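Position in the sequence shown (from 1) plus 185 gives the number in my numbering.
Written below as structure tokens is the structure these notes are about.
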Amino acid sequence: EVMTVSYGAQGTLFVFGFLISLGVFYLSLRTALNQSMIFFDRPITLGQRIITNAMGWVQDRGSNLIKIIATIFAFFSGLGFSAEWQTMLLSGSGGKFGKVDPLLEMDLGFYVFQLPWYRAVANFAFGLTLTTAIVTVILYVLLQMLATLAKIELGRPKIRLHVSILIAATALTYGAQTWLKTFEFGT
């Protein structure tokens with residue numbers, strides 16, 4: 186029964202982490218790939234026409250590549266989150282100690298059982314948002330490099346909005362991590 190509980194908890198966390206990560210990675214990369222191209226000039230040279238056609242092909246058929254990339258990142262993200270299975274089980278079955286912390290007036294059981302689980306969730310969320318932001322920015326840089334060669338402009342306001350949302354989500358999850366660290370004053 187011990188193995189069933191441990192593998193069940195690992196499987197649950199893996200599936201949860203995988204599905205959340207897959208959704209976040211896929212939506213972010215798909216949004217980046219679907220940016221509209223704005224032509225400054227009609228492509229004149231053969232090189233500009235080839236790059237323009239290549240960018241159109243990437244935008245049309247890049248969905249399959251994005252699915253593969255998102256699945257790979259989500260797999261490793263879910264695998265990392267599943268390592269927190271003991272923390273999750275302790276959080277769910279931990280109790281109160283009956284002694285209250287004099288500074289924050291919280292039961293000591295919170296520090297032993299719930300706080301490590303909250304920290305694990307915050308760490309997962311921070312890692313997910315940071316990785317998503319980095320991979321998305323890399324994709325935007327690559328697309329912008331190709332667009333510059335073809336004298337095409339990508340929709341910059343949409344790019345700025347998308348990257349701003351990713352940075353804000355990363356900052357929010359980092360703030361959650363920092364706030365949870367304030368409870369670890371005595372360790």
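Using N, Cα and C, we set each Cβ at its ideal position, and we do this for glycine too.
Predicted model, so just to flag it, every value in this text is computed and none were measured.
Buried or exposed for residue i, please, with buried defined as at least 16 other CB atoms from any protein chain shown within 10 angstroms of its CB.
{"i": "Pro301", "result": "buried"}
{"i": "Ile337", "result": "buried"}
{"i": "Met330", "result": "exposed"}
{"i": "Ser191", "result": "exposed"}
{"i": "Ile235", "result": "exposed"}
{"i": "Thr237", "result": "buried"}
{"i": "Ile251", "result": "buried"}
{"i": "Ala318", "result": "buried"}
{"i": "Leu328", "result": "buried"}
{"i": "Ser213", "result": "buried"}
{"i": "Tyr321", "result": "Here residue 321 turns out to be Thr, not Tyr, going by the sequence shown. Its Cβ being crowded by 16 or more others within 10 Å, Thr321 is buried."}
{"i": "Leu289", "result": "exposed"}
{"i": "Ala353", "result": "exposed"}
Rounding to the nearest angstrom, what Cα-Cα distance links residue i and residue j in this structure?
{"i": "Pro287", "j": "His347", "result": "44 Å"}
{"i": "Leu158", "j": "Ser262", "result": "For the chain, the structure presents residues 186 to 372; residue 158 sits outside this window and is missing."}
{"i": "Leu293", "j": "Thr272", "result": "16 Å"}
{"i": "Tyr296", "j": "Glu369", "result": "8 Å"}
{"i": "Ala239", "j": "Leu231", "result": "12 Å"}
{"i": "Pro342", "j": "Ser248", "result": "22 Å"}
{"i": "Val326", "j": "Ser206", "result": "22 Å"}
{"i": "Leu275", "j": "Phe282", "result": "14 Å"}
{"i": "Thr216", "j": "Gln362", "result": "27 Å"}
{"i": "Arg345", "j": "Gln244", "result": "19 Å"}
{"i": "Gln220", "j": "Gln233", "result": "19 Å"}
{"i": "Gln299", "j": "Gly279", "result": "8 Å"}
{"i": "Val209", "j": "Phe309", "result": "13 Å"}
{"i": "Trp242", "j": "Leu334", "result": "16 Å"}
{"i": "Gln195", "j": "Trp270", "result": "5 Å"}
{"i": "Met188", "j": "Gly277", "result": "17 Å"}
{"i": "Gly340", "j": "Trp364", "result": "36 Å"}
Per DSSP, which residues does residue i bridge with? Please list them.
{"i": "Val285", "result": "Asp292"}
Over the uninterrupted alpha helix (DSSP H) stretch that includes residue i, give me the two end residues.
{"i": "Phe368", "result": "Phe368 -> no alpha helix (DSSP H), and no H or E assigned at all."}
{"i": "Gln244", "result": "Leu231 to Ser267"}
{"i": "Phe298", "result": "Careful: Phe298 lies outside any alpha helix (DSSP H) and carries neither H nor E."}
{"i": "Gly277", "result": "Trp270 to Ser278"}
Touch test, the segment 250-258 against the segment 348-366, Cβ-Cβ under 8 Å, three pairs minimum: no
Across the segment 260-268 and the segment 303-322, are there enough close Cβ pairs to call them in contact, namely three or more that are closer than 8 Å? yes
Contact between the segment 313-325 and the segment 196-216: three or more CB pairs below 8 Å? yes
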